[in-house]
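Residue numbers (this note's numbering), protein chains in the order written: chain A, 1 to 479; chain B, 480 to 602; chain C, 603 to 1015. Structure, as structure tokens:
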Amino acid sequence: MYDVIIIGAGVVGSAIARELSRYQLKIGVLEKNLDVCNEGSGRNSAVIHGGFAYDPGSNKAKFCVEGCLGFKELAEELDIPFRQTGKVLVGNTEEDYQHLLKTIETGRVNGSIGLRMLDKEELANMLPSVIGEFAMYSPLSGIVDPFIYTIALAENATTNGVDYFFNQEVTSISRNSAHMHTIQTTKEVFETKWVINCAGLNCVAISEMLGIAGYEIGFTKGDYIVLDNKVGSLLPMPVYPVPSRTYMGIHVTPTIDGNVTVGPNANNVEDKSNYGVSKIHMDQLAEDAITLWPHIHKKDYIRNYAGIQPTWIDKEGLIKDYVIEVNDKYANVVNLIGIESPALTSAVPIARHVVGLISEKEDLKKNLEFNPSRKGIVKFSDQPDTVKASLIEKNPDYGEIVCRCEMVSKAEILEAIHNPLGVDTMLGIKYRTRAMMGRCQGGYCQMKIAAMIEEEKDKHVTELMHGRQNSNLFTGKVK
Amino acid sequence: MLKEYTCIICPQGCDIEVIIDKKTKNITNIIGNNCSKGEDYVMQELVNPQRTLQSSVLVLSGELPLVSVKTSGSVARDNLPQLMDLINSLSLTAPITIGDILYENMLGLNINLIATKNVNKCK
Amino acid sequence: MKTINKDVIIVGGGPAGLAAALELYKQGIKDILILERETELGGILKQCIHDGFGLTRFKESYTGPEYAEKFIEKVKLLKIPYRTGSMVLSVSDEREVKVASREGLVLYRAKTVIMAMGCREKTRGALAIPGERPAGIYTAGVAQAYINLHNKMIGKNVIVLGSGDIGLIMARRLTLEGANVVAVFEIQPYPSGLNRNIEQCLNDYNIPLYLSHTVTNIHGKSRLKGVTVSKVDNEFQPIKGTEKYYETDTLVLSVGLIPENELSLSASVKLDLRTNGALVDTYFQTSVEGIFSVGNALHVHDLVDFVSLEAEKAALSVKRYLEQGQLPECDIVIKTDENIIYTVPQRLNKHDAGDLSFRVRKPMKNALLKVVQSGRLIYEESFKTIVPAEMKKIKLPRNVLEISEAVEVSLEC
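And the structure:
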């Protein structure tokens, strides 16, 4: 019998799991995929936003600003790769200028710190590679590794007693007269008092299972092109054009690994599970963004990806705010609807808010064993030579380099294979170590990694998965 | 009808063209070969193509799970599926040395199966 | 960190590195060390279990591992120093080679470095093939490693994109090991691989080859379900209306090899964008003193026999460099016309012109190659047929390049 079951192990679900683990509660997280961060949380611009793009008084504004101001500390606490690079919104026309002035004012009202205008010279000094007349500068914005961020939250939650269940899709929820819930998944049955709906793209489906009808969401798909890290040095911070009312604009964003992403666009789609990127969209992204930052060339494309967000849109097509609600009629439920961008930035403040809602109904007792710190896998490649040498001396597995392009050692891969969440897919190892993310995209190392997962987790060759359920890598042995 | 071949008998790799009458299926001309071996090669290709076979065999207790193998000579192309069945039925135990004859007189065709790499015994 | 001095550090124990080591040893240079990242020497040959290797050099048709063993057994017999399980982390422009292995971190201060790292494969991402990202998409070399080394079968119904030799070899390999290869698609209007491979890998198994076609979409969320293939026009753009859906669970990409030169970049070695390998002179020396480049890291070869030959030639130059402290300047730049993609080397010395390897941009018949310096015809050779898939070599006569002016190499029909 659980006190709380959280449905969805994305960045928000995992942030809530961690915040709740500060209290003496039996907490479980149900995730339909084989790892955390498979959907929206891992398919975005990976930017920590300043909070100026949202209507004052809205949840998005409140949580985004709080998240931005607290992110540096959070990143240190959880050993999350994060760089407070700053960010610019670039404009050219008088209309743009006025828009940016308004944005600074909105930011000020929301509590964003340090927003100011840059003139042409200042912009050119800060970002010589960008084309623009002036810009708004947000010094506290930054870039993060969204996978390690979500993994860190989940691992810390696990360390503090939370149970994670993967490959379990919720199929039905029932409630008894005492408002205790029975959750049926594709594998098991869970009994719990509280249910927290963090199902992202499936938030409406879960909401309806909980009996809370009437919500409609649209699916907004954004495509991205990823550029080789040889152009990374030309872009020290995210650069956005002045936004319109419905989406951010075609940005160029450096990634924490030194690559550059071009995107996203924003298109309404029907199929929330199709992450394919079309050629037309790739061409459009490049055509658009090149007017802002000219270093976008096909020869530097290394891959592409897409993300889909659950957008709560009203009848006029306007994007609405986050829904984070409790209701006496549906007691012991926290329902989250439309948690789209800036969810990455807002995750922990959202989680604190959710805990606040629960604490109004429950007498929460502090978990005295709670440890807020989490250490990630030590990156061999980032260490100075003296540390590299001593790592190898203590553990020779550090001297055996498996991924040549990213210089990832056997020791790190083994640590990733034996991660606290029990994930053992190829993508799971990739996100935890950066192996297979380099130029050869696993051409040299994937065979070794597959063999290591096979041996360490005692798997049959047909049980090795790429990332999703049924993403079998092999049909069997050759002989 | 024109058929083009690259002779594989010697390193010269002559590009040989064979002109075949579409109706009678008779060879009307062979050009491009530097010696008679080339002519023999294309005649064989047309009538009963010969092929060598390379594959792998399962190895037990070895540092590697497979040993790469080859046939000691060529066989008629039509025999390849049966040869593969035979190879698939085998399993060997390490150590294996390059050049080892792993199976003699496969399918009674007077060719052997030869190991083409070393596989040491697992420590 | 331990620091060791060496006359020659060879990065890579594949065919290029091995041949260079043996030649150096034969020439009396003994203070050599081969650094190999795998647990065994042999490089990519370990997984090339098909035959066709050594026809020129040994007059035999060896399999890849057998060809490699011819060099490995000599290296072991002569006790030429080598370290396996050793990954070179960086090479500086002063020839300091940093290596990691289970034994620790070591810095070698080398008088000369031979870069023989081989090449990597072009990936789906680099091609920007649209569509979903399911499991079941493998580059040909990865598929080959899984099947030939790791005993893992990658799929049942396979489509191969790219008719280069590796793709053709894998089409046969997959068929022999029980898969159904549906078709091979090639974006060019001519096959990329050798005719004999089209015959023995495709025609033998009735696998159709479609020229001027490419994969334009990928379908399947978890595991590949199918691909959309389109015909392309003269500019390699998909022709609307020609889309066809093929059901398949495996896509093998054989779409190009790129010389692996991350380490060369770390040493500030200048690369030739036409080859993606180092710019070298007639001595195989790169733009950095004492750093040489050979094999697939220099330019992608088709025959390993020529890799060995090239590495042996480079070894002679390395010996000369060690003895004389430097090599003669190569100030004769080679310019090519639009029919030739590249030449290696890219610079010559007027006394030691030597061999010139080159590749043609598209298939030509009855072509005449001319090497001209300042209007003077230096050399000419005619080729009955010439295709991009086959690297060609010409031998320039010695001492005919009288002056240090650029040389123009052209190819006309």
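Ideal Cβ placement from N, Cα and C applies to all residues, glycine included.
Residue-level contact to chain C via CB, residue i, 8 Å cutoff
i      : result
B/I487 : yes
A/D273 : As written in the sequence, residue 273 of chain A is Ser, which differs from the Asp given in the question. Yes, its Cβ sits closer than 8 Å to a Cβ of chain C.
B/N589 : no
B/S540 : no
A/L25  : no
B/I577 : yes
A/T246 : Confidence is the limiting factor: at A/T246 the pLDDT is only 44, short of 50, which leaves the residue's position unreliable, though a coordinate-based value still follows. No, A/T246 does not count as interfacial toward chain C.
B/A555 : no
Through-space distance from residue j to residue i, alpha-carbon basis
i       : j      : result
A/M407  : C/I716 : 21 Å
A/A178  : A/M1   : 14 Å
C/L1013 : C/E982 : 10 Å
A/R439  : A/S341 : 29 Å
C/R1000 : C/H953 : 6 Å
C/P793  : A/Y322 : 56 Å
A/T246  : A/I212 : In this predicted model, A/T246 has a pLDDT of only 44, less than 50, meaning its place in the structure is not dependable; the value taken from the coordinates is given anyway. Whole-angstrom Cα-Cα distance: 27 Å.
A/T462  : B/L532 : 28 Å
C/E640  : C/G616 : 10 Å
A/I280  : C/E668 : 48 Å
C/N782  : C/L971 : 43 Å
Chain B contact for residue i (CB, 8 Å cutoff)
i      : result
A/K479 : yes
C/R685 : no
C/Q802 : yes
Under 7 Å from the C-beta of residue i: neighbouring residues of chain A
i      : result
C/Y748 : M447
C/T741 : G443
C/M755 : F474, T475, G476, K477, V478
Three-state class that DSSP yields for residue i in the structure shown
i      : result
C/A718 : coil
C/V882 : coil
C/K967 : strand
A/N197 : strand
C/R544 : Absent from the model: residue 544 of chain C. The displayed extent of chain C is 603 to 1015, so no value can be given.
C/K997 : strand
A/F147 : helix
B/T576 : coil
A/Y215 : coil
A/Y275 : coil
A/R245 : With a pLDDT of only 48 at A/R245, under the threshold of 50, the placement of this residue in the model should not be trusted, and no figure is reported.
A/N267 : strand
C/L657 : coil
A/S233 : helix
A/N156 : helix
A/Y431 : helix
B/N597 : coil
A/N304 : strand
Residue i: contacting residues in chain C (beta-carbon distance under 9 Å)
i      : result
A/A154 : Within 9 Å Cβ-Cβ: nothing; A/A154 doesn't reach chain C, min ~22 Å.
Within-8 Å CB hit, residue i to chain A
i      : result
B/N567 : yes
C/M772 : no
B/V536 : yes
Closer than 7 Å at the beta carbon, the chain C residues around residue i
i      : result
A/L399 : As written in the sequence, residue 399 of chain A is Gly, which differs from the Leu given in the question. Here the neighbours are A702, S703, R704, E705, G706.
Contacts that residue i makes with chain C (C-beta to C-beta distance below 8 Å)
i      : result
B/T531 : D653, S663
Under 8 Å from the C-beta of residue i: neighbouring residues of chain A
i      : result
B/L545 : V478, K479
C/R735 : Y275, G276, Y305
Residues that residue i contacts on chain B, provided the C-beta gap is smaller than 9 Å
i      : result
C/N797 : E483, Y484, T485, D494
Segment contact flag, the region 152-160 of chain A with the region 83-96 of chain A, C-beta cutoff 8 Å, min 3 pairs: no
Three or more C-beta pairs closer than 8 Å, one from the region 508-521 of chain B and one from the region 796-807 of chain C: is that the case here? no
Three or more beta-carbon pairs under 8 Å between the region 608-617 of chain C and the region 550-562 of chain B, yes or no? no
At a CB distance below 7 Å, what residues from the region 687-700 of chain C approach chain F? Give them in sequence order. Annotation note: the requested chain F is absent from the structure, which comprises protein chains A, B and C.
Closer than 8 Å is the cut-off here; do at least three beta carbon pairs connect the region 334-348 of chain A with the region 362-379 of chain A? Output reads no: the region 362-379 of chain A does not touch the region 334-348 of chain A.
Given 8 Å, three or more beta-carbon pairs between the region 961-980 of chain C and the region 1004-1011 of chain C: yes
The region 847-865 of chain C in contact with the region 895-905 of chain C per 3-pair CB rule at 8 Å: Yes: at least three Cβ pairs fall under 8 Å.
Okay, do the region 492-508 of chain B and the region 667-681 of chain C touch, 3+ Cβ pairs below 8 Å being the bar? Not touching, per the Cβ criterion.
Please determine if the region 636-650 of chain C and the region 928-941 of chain C are in contact, where contact requires at least 3 C-beta pairs separated by less than 8 Å. no
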